[in-house]
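Engineer:
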Amino acid sequence: MAIAAVVAAALLLIPIPYIIFGPGAAVDLSAAITVPSHRSPPGRFYLTDVNILPGRPFFYATAKVLPGFEIIRRRELVPPSMSDRDLDRFLVDAMKQSQVNAQIVAERAAGLPVTAKSSFVVLRTVRKSPGARCFRPGDKITDVGGRRLVDADSLAKAATALPAGSSFVLGFVRAGRLRHIACATFKYQGKPRFGITGQFQTEAYSLPVHVSYRLPNINGSSAGLMFALQIYRSITATDISGGRDVAGTGVLGVDGRVGPIEGAREKIRAAIKSKASIFFVPVENYAAIKHVAGIDVIPVKSFEQALGALKRASATK
Numbered sequence: 002m003a004i005a006a007v008v009a010a011a012l013l014l015i016p017i018p019y020i021i022f023g024p025g026a027a028v029d030l031s032a033a034i035t036v037p038s039h040r041s042p043p044g045r046f047y048l049t050d051v052n053i054l055p056g057r058p059f060f061y062a063t064a065k066v067l068p069g070f071e072i073i074r075r076r077e078l079v080p081p082s083m084s085d086r087d088l089d090r091f092l093v094d095a096m097k098q099s100q101v102n103a104q105i106v107a108e109r110a111a112g113l114p115v116t117a118k119s120s121f122v123v124l125r126t127v128r129k130s131p132g133a134r135c136f137r138p139g140d141k142i143t144d145v146g147g148r149r150l151v152d153a154d155s156l157a158k159a160a161t162a163l164p165a166g167s168s169f170v171l172g173f174v175r176a177g178r179l180r181h182i183a184c185a186t187f188k189y190q191g192k193p194r195f196g197i198t199g200q201f202q203t204e205a206y207s208l209p210v211h212v213s214y215r216l217p218n219i220n221g222s223s224a225g226l227m228f229a230l231q232i233y234r235s236i237t238a239t240d241i242s243g244g245r246d247v248a249g250t251g252v253l254g255v256d257g258r259v260g261p262i263e264g265a266r267e268k269i270r271a272a273i274k275s276k277a278s279i280f281f282v283p284v285e286n287y288a289a290i291k292h293v294a295g296i297d298v299i300p301v302k303s304f305e306q307a308l309g310a311l312k313r314a315s316a317t318k
C-alpha cells in the first residue's frame, strides 16, 4: 500500500518539462458578456478554450494514449524560470488584458472615442543580463527606439531585428517618471534578448461603453478576438454573421492585430461540438487545422479582416 501511494504521488507531483493541452469547451458569449442597454443580435458567438495541465507523468501518459490531447515542450511556451504558480498568475493577467484589448478594439471599430496607453511591465530580469542592469521589476517600458509598443511581441521583435550586442534606447516609466536608457541585447536561448520577462499591459483611459464579463474558470489571452466581435455586434446591434453561429480563437492586440495561439486542434473540436459553422483562427495556426471537415475554417490577421469575412458570409448566406 505504501509503495502504491509513493508511485501515485510521483505520477502526480514530479514535474517534467512539458505542458499538456486537453480537450476544452466552447463558451456562449451572449451569456458571458453583458453590454448594458444592448442585446445580442441573432446567432451565437463562442470563445473556445483548452484545459492546460501541468507537466506530470500521469497527464503525459494520458495524453499519449487518449485522443484530443497535445504535448508541448515547456520551454517553447514559458521562460525556464517561470513556476507553475507564476504561469497560473500570468494566464489570469493575460485574460484580464484580453478583455481590455477587446473593448478598446470593438469600441473603436464602432466609431466611439477611445484613448489608451500600452506598456511592457517588467516582472523579473535574467541574472547578469543587460536587462538586469537597465531595469527593475515594476518598470513600464513604453517604447523602443522611439516606437511605441503595440503588442506583447513588440519588445522581442525589436531585440531580434539586430545581432546580439546591439544597443537600443528604451523609454520606460519608473516611480511615475518617464526615463530613457540605452540597453544592449545578449544571446539567450539562441536569440538576441534583453534578459527581461514581463506582461504587456494596456491601460484604458476612456471607454465610452461599459462591458462586464461573467466567465467560467478560463484564463489566457486567446479569447480576445471573439470577445471583440461579440462586443462590436452588441454595441452596433448588427447581425454581422447572418444568424450563423461563430466560434474562434486569437490573441488580440490593442491595434486590432490577431496573434497566434496554442491548442488549435483542441479548440476546433470544441467549436464543432457546439455546432458553429464558422471558425476563426490566426493565420499562423491555419495549417494545423485547414483540412478539418464539418466547419468553415477562416484564417485572419486582424479584427477588421474577421469582421469583413463575417459580412461577406452574411451576404452570401
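Start counting the sequence shown at 2; every next residue gets the next number (this note's numbering). Yeah, the Cβ is synthetic: ideal placement off N, Cα and C, and Gly gets one too.
Within 10 Å of its beta-carbon, does R40 have 16 or more other beta-carbons around it, so buried, or fewer, so exposed?
Structural biologist: exposed
Engineer: Do T161 and P193 have their C-beta atoms within less than 9 Å of each other?
Structural biologist: yes
Engineer: What separation, rounded to the nearest whole angstrom, lies between the Cα atoms of K158 and F195?
Structural biologist: 11 Å
Engineer: Less than 9 Å between CB atoms is the rule here; does D154 satisfy it with respect to chain B?
Structural biologist: No chain B is present in this structure, which holds just one protein chain.
Engineer: Mapping DSSP to helix, strand and coil, what is L308?
Structural biologist: helix
Engineer: Output the boundary residues of the beta strand (DSSP E) element that contains I262.
Structural biologist: Unbroken run through I262: none, as it is neither H nor E.
Engineer: With distance defined between alpha-carbon atoms, name the residue in G244, P217, R266, F304 nearest to V28.
Structural biologist: P217
Engineer: Tell me which residue opens and which closes the beta strand (DSSP E) that A183 is part of.
Structural biologist: 178–185
Engineer: In chain order, what residues of the same chain lie with their CB nearer than 8 Å to the CB of K276, ignoring the 5 residues before and after it?
Structural biologist: D246
Engineer: With DSSP collapsed to three states, give me the class of D297.
Structural biologist: strand
Engineer: Using CA coordinates, which residue listed in V127, A95, S38 is at the minimum distance from P80?
Structural biologist: V127
Engineer: So, with DSSP's three-state summary, where would you put D29?
Structural biologist: strand
Engineer: Mind checking which residues open and close the alpha helix (DSSP H) that includes T49?
Structural biologist: T49: not part of any alpha helix (DSSP H); member of the beta strand (DSSP E) spanning 46–49, first to last residue.
Engineer: Is there contact here, the region 297–306 with the region 271–289, by at least three beta-carbon pairs under 8 Å?
Structural biologist: yes
Engineer: I need the straight-line Cα distance from P24 to E267, nearest angstrom please.
Structural biologist: 5 Å
Engineer: Taking the beta strand (DSSP E) that G172 falls in, what are its first and last residues?
Structural biologist: 168–175
Engineer: DSSP state of I197, grouped into three classes?
Structural biologist: If DSSP states are grouped into helix, strand and coil, I197 belongs with the strands.
Engineer: Could you spell out where the beta strand (DSSP E) holding V282 opens and where it closes?
Structural biologist: 279–283
Engineer: Does DSSP put A117 in a helix, a strand or coil?
Structural biologist: strand
Engineer: Can you say whether G260 is buried or exposed, counting buried as having 16 or more other CB atoms within 10 angstroms of its CB?
Structural biologist: The residue is buried, with at least 16 neighbouring Cβ atoms inside 10 Å.
Engineer: CB-CB under 8 Å to A11, same chain, minus the five flanking residues each way: which ones, in chain order?
Structural biologist: Caution is warranted here: a pLDDT of 49 is assigned to A11, below 50, making its placement in the model unreliable, and the coordinate value is therefore given only provisionally. Excluding residues within five positions, the ones whose Cβ falls inside 8 Å are P58.
Engineer: Does the distance from the C-beta atom of K319 to that of F173 stay below 9 Å?
Structural biologist: Past the edges of the chain, shown from 2 to 318, lies residue 319, and the structure says nothing about it.
Engineer: What distance in whole Å lies between the Cβ atoms of F70 and A62, which are believed to be in contact at a cut-off of 8 Å?
Structural biologist: The Cβ separation is near 10 Å, so there is no contact.
Engineer: Do V210 and I241 have their beta-carbon atoms positioned less than 9 Å apart in this structure?
Structural biologist: no
Engineer: Taking three-plus beta-carbon pairs below 8 Å as touching, is the region 96–115 in contact with the region 217–235?
Structural biologist: yes
Engineer: Would you identify the three-state DSSP class for V7, choosing helix, strand or coil?
Structural biologist: For V7, the pLDDT reaches just 48, beneath the cut-off of 50, and the residue's location in the model is therefore unreliable, although a value from the coordinates is still provided. Residue state, collapsed to three classes: helix.
Engineer: Please name the residue or residues paired with A248 in a DSSP beta bridge.
Structural biologist: Y47, F280
Engineer: Going by C-alpha to C-alpha distance, which of G147, I73, R175, F60 sits closest to V122?
Structural biologist: Measuring from the Cα of V122, the nearest candidate turns out to be R175.
Engineer: Within a Cβ cutoff of 7 Å, which residues of the same chain sit near P131, ignoring the five residues on either side of it in sequence?
Structural biologist: Cβ within range, chain order: C184, A185, T186, F187, F195, G196.
Engineer: So, are the CB atoms of I219 and M96 less than 9 Å apart?
Structural biologist: yes
Engineer: Determine the DSSP secondary structure at Q104, reduced to helix, strand or coil.
Structural biologist: helix
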